[in-house]
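What follows is one structure encoded as structure tokens, with my remarks underneath.
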Amino acid sequence: MFLGTHTPRLDDKGRLILPAKFRDELAGGVVITKGQERCLYVFPMPEFQRIAEQLRAQPMTSKAARAYSRVFFASAHDEVPDKQGRVTIPGHLREYAALDRELVVIGASTRVEIWDKAAWESYLAESEDEFADIEEGVLPGGL
């Protein structure tokens with residue numbers, strides 16, 4: 000399970016050093032793809048394969064499933080982190096997420112998310128007030 004918030008930097012070659020506590024689980028390979036709210040999702044390969052199976056199980060007649068699958072798979076980039084735990088974020092994904100040098104990498108349970116630092120701070124400022132109200136709808140009966 001991926002937890003926590005980290006603040007690495009993107010180097011001049013578009014590489015990110017993965018947080019040390021995430022490296023073991025990601026060492027076998029990752030898939031980086033477009034996420035919601037203009038962040039990037041980083042999945043360990045087994046989790047990406049599980050999601051791919053779920054998407055394949057959707058009927059081809061579902062317009063929403065086709066549209067989501069196209070964007071999700073077309074933007075995906077697979078890679079094995081190097082010995083220093085670095086992965087290269089392709090230009091089209093850096094552009095999509097408006098990544099600058101300052102990043103925020105968060106653990107989001109079964110995936111890692113990569114955010115531009117300013118975008119994350121803005122998202123958090125907008126979302127924190129709603130956090131308490133959202134709990135009941137997401138976790139029926141509460142914690």
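Be aware that the sequence shown starts at 0, since it is given in numbering that gives the first Met the number 0, and climbs by one per residue. Beta carbons: idealized from backbone N, C-alpha and C, even for Gly. Keep in mind it's a predicted model, so treat the numbers as computed, not measured.
Taking residue i as part of the beta strand (DSSP E), name the residues at either end of that continuous run.
i, result
"Arg-14", "14 to 16"
"Gly-106", "102 to 107"
Please state the DSSP three-state secondary structure of residue i.
i, result
"Val-70", "helix"
"Val-79", "coil"
"Leu-39", "strand"
"Ile-31", "strand"
"Ile-88", "coil"
"Asp-115", "strand"
Excluding the 5 residues preceding and the 5 following residue i in the sequence, name in chain order all residues of the same chain whose CB lies nearer than 7 angstroms to its CB.
i, result
"Arg-110", "Phe-1, Tyr-40, Val-41, Phe-42, Glu-46"
"Glu-36", "Tyr-122"
Is the CB-CB distance between residue i and residue j below 7 angstroms?
i, j, result
"Leu-9", "Arg-100", "yes"
Could you please give the first and the last residue of the uninterrupted alpha helix (DSSP H) stretch that includes residue i?
i, result
"Arg-8", "It is not in any alpha helix (DSSP H) - Arg-8 carries neither H nor E in the DSSP assignment."
"Gln-148", "In this structure the chain extends from 0 to 142, so residue 148 is not present and cannot be described."
"Ala-19", "19 to 25"
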